[in-house]
C-alpha cells in the first residue's frame with residue numbers, strides 16, 4: 261500500500277545514509293519543525309522509515325508520529341519488526357493506533373498489541389475487535405502455526421488443466437501474499453501435492469495439473485510451535501509451509517511469515533544468550549531492571565565462589581605476591597575459550613546441526629581443540645612471564661595452568677549446554693553463568709594449586 265499523497269518511489273538507502281537522515285530528523289524535531297522531519301522520511305521505504313522512527317528518542321518519536329496519518333503508520337507497521345512497532349505504538353493514543361492496526365494483518369496486529377503495556381493493550385485490543393480478556397490464549401495461538409497461517413491461498417484440483425487453473429488463480433486479490441506454489445487438493449480438501457508458479461506459468465493451457473504435481477515438503481499442523489516452523493524453513497530452504505488437519509489443507513504460512521518466525525526465533529536465542537530477552541535500549545527502566553538484575557545477582561554469587569577459591573591459597577599468595585598479577589590471565593583466557601565453544605554449540609543447537617552427533621565425540625573434539633589452543637597459549641604466556649619477571653619456575657607454572665584451563669574450557673563450554681538441554685533447562689539462558697564460573701574456579705585452582713606444589717621452583 262502507498263501512503264496517500266506520497267510518490268511511490270521507496271528510495272533504498274544504506275545504513276550510513278539512514279544514520280545521516282536520523283540525525284537530520286532529530287535536529288528538525290528539536291527545532292520544532294515536525295512537518296519538515298516527516299517530509300524527510302515519507303519518501304523512504306517503510307522498512308527504513310520504521311527503523312529511523314523506532315530509534316528516535318521517546319519525545320522525538322512521539323512528535324514525528326503525531327504528524328503522521330493512521331494510513332502512514334499502518335504502511336510503516338507492515339514492514340517493521342513487531343518489537344520495534346510496539347516501541348513506536350506505546351507512544352500513540354488508542355485512536356490513531358487502533359485505526360492503524362486495523363489496516364495490517366491480524367497476526368501482526370496481535371503481535372504488536374501483546375507487547376504493549378497492560379492497560380494500553382486492553383484498550384487497543386477492544387478497539388480493533390480482538391479479545392482482551394484472555395491474552396494468554398492469544399499468545400499461545402501466536403506462537404503456533406495457526407497464528408502465522410493465512411486461510412486464503414491458491415489451490416487447484418489434480419484433474420484440472422493449466423489454463424483453467426490459471427483462470428481460477430486470477431480470482432485472488434492482487435494484494436494477497438506472494439505465493440511461490442499452488443497447492444493441489446482433492447474433492448475433500450486433502451493435500452495431494454503442489455505445483456510451482458513457474459511450472460504453471462510456463463506450461464501450455466492443455467497440460468494436466470497432475471503432470472506437474474510435486475510432493476509438498478514438511479506439512480505442519482495448526483499447533484506446530486513457531487520454533488519448529490522456523491527450523492523447517494531453514495533446514496529445507498522452504499518458501500511456504502502448508503498447514504493440515506488430518507491431511508486436509510486448512511491454511512498456508514507464506515514466505516514473509518516464515519521469515520518473521522525465523523527472525524523472531526533467532527533474535528530470542530541471541531537475547532537469551534546475553535540474558536536480556538525482552539529488554540530494549542529505550543524500554544521501561546523497571547522492565548530492564550527485572551530482566552538484568554536477577555542474572556547479575558546470580559553472577560555476583562558465582563564471583564564469590566571464585567573469590568573463595570583464591571582465599572584457599574592466601575598463604576601461597578603471601579609468599580609469592582607476583583602470582584596475583586597473573587590470576588586474571590589464566591581465568592580470563594579460559595572464560596573466553598569457554599564462551600567461544602558455548603556460543604558455537606548453542607548456535608548449532610538452534611540450527612539443528614547436532615542431530616545424530618554423539619556427545620562423547622563432540623566433547624572429545626573440543627578437548628583436543630582446547631589442548632591445541634592451550635599448548636600455544638601456554639608457551640606464549642610462559643615466554644612472556646619469563647622475559648617479564650625473569651622467573652622460569654613461574655613461567656612453567658603459568659604455562660601448565662593455561663594448558664589445563666583451556667582444555668577444561670573446551671569440555672565445559674560444550675558439555676554444559678548439552679547437559680542443560682538433557683535435564684530440560686534452556687541452555688541459552690543458564691550456560692554462560694555456569695561456564696564462566698567453571699573456568700574461573702578451575703583456572704584459579706590449577707594456577708594456585710600448581711604454584712603451591714612447586715613453590716620451591718618459583719621462590
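Residue numbers (my numbering): 261 to 719. Virtual Cβ for every residue (Gly too), placed ideally from N, Cα, C.
Supposed contact pair residue j and residue i - C-beta distance, whole angstroms, cut 8 angstroms
i	j	result
residue 508	residue 448	7 angstroms
residue 631	residue 642	About 16 angstroms separates the two Cβ atoms, so there is no contact after all.
residue 504	residue 513	Not confirmed; about 12 angstroms, so no contact.
residue 405	residue 489	6 angstroms
residue 597	residue 669	4 angstroms
residue 414	residue 429	5 angstroms
residue 692	residue 569	At roughly 19 angstroms, the Cβ-Cβ gap does not stay under 8 angstroms, so residue 692 and residue 569 are not in contact.
residue 681	residue 609	7 angstroms
residue 577	residue 585	Going by Cβ atoms, the distance from residue 577 to residue 585 rounds to 11 angstroms, so no, they are not a contact pair.
Counterpart residues of residue i in DSSP-defined beta bridges
i	result
residue 505	508
residue 421	468
residue 410	512
residue 380	In DSSP, residue 380 forms no bridge with anything.
residue 485	404
residue 441	456
residue 415	443
residue 451	445
residue 480	503
residue 474	454
Residues near residue i by beta carbon distance below 7 angstroms, same chain, minus five either side
i	result
residue 312	278, 281, 282, 285, 301
residue 700	566, 591, 595
residue 464	422
residue 395	Confidence is the limiting factor: at residue 395 the pLDDT is only 43, short of 50, which leaves the residue's position unreliable, though a coordinate-based value still follows. Closer than 7 angstroms at the Cβ level, and outside the excluded window around residue 395, lie 374.
residue 309	301, 336
residue 272	305
residue 393	Only weak support exists for where residue 393 lies, its pLDDT of 47 falling under 50; the coordinates are left without a value.
residue 435	The predicted model places residue 435 with a pLDDT of 49, which falls under 50 and marks its position as unreliable; any figure quoted below should be read in that light. Hits under 7 angstroms: none found.
residue 629	670
residue 564	none
8 angstroms CB neighbourhood of residue i in its chain, flanking five on each side removed
i	result
residue 656	642, 714, 717
residue 720	No information on residue 720 is available, as it lies outside the stretch 261 to 719 that the chain covers here.
residue 722	The first residue shown for the chain is 261 and the last is 719, placing residue 722 beyond what the model contains.
residue 482	404, 405, 406, 409, 503, 505, 510, 511
Which listed residue (the options) has its alpha carbon closest to that of residue i
i	options	result
residue 591	464, 666, 382, 475	666
residue 663	654, 634, 556	634
residue 385	290, 606, 354	354
residue 275	315, 290, 502, 372	315
residue 696	593, 335, 459	593
residue 291	709, 461, 480, 323	323
residue 446	411, 581, 469, 609	469
residue 579	359, 356, 328, 708	708
residue 622	639, 636, 604	604
residue 368	344, 481, 326	344
residue 562	477, 694, 348	694
residue 451	431, 416, 457	416
residue 453	493, 459, 443, 460	443
residue 501	494, 495, 477, 483	477
residue 620	679, 506, 588	679
residue 318	350, 555, 333	350
residue 556	584, 600, 690, 609	690
residue 380	364, 363, 348	348
residue 362	588, 333, 493	333
residue 650	494, 682, 677, 582	582
residue 472	480, 479, 466, 460	460
residue 412	439, 426, 387	439
residue 601	559, 624, 588, 586	624
residue 672	698, 648, 516	698
residue 420	456, 519, 458, 467	467
residue 474	462, 441, 710, 589	441
residue 236	462, 377, 517, 456	In the structure displayed, the chain extends from 261 to 719; residue 236 sits before or after that span and is not available.
Same chain only: Cβ atoms within 6 angstroms of residue i, ignoring 5 sequence neighbours per side
i	result
residue 307	339
residue 288	296, 297
residue 264	Reliability fails at residue 264, whose pLDDT of 44 lies under 50, so the model's placement of it is uncertain and the value that follows must be treated cautiously. The answer, listed in chain order, is 331.
residue 356	330
residue 249	Nothing can be reported for residue 249, as the shown portion of the chain is limited to 261 through 719.
residue 359	330
residue 645	654, 655, 658
Distance cut-off 7 angstroms: residue i Cβ against heavy atoms of the ligand NAD
i	result
residue 586	Questions concerning the ligand NAD fall outside what the structure shown contains, since it holds no ligand whatsoever.
> Does the region 568-576 come close enough to the region 700-710 to have 3 or more Cβ pairs within less than 8 angstroms?
Replying inline: yes
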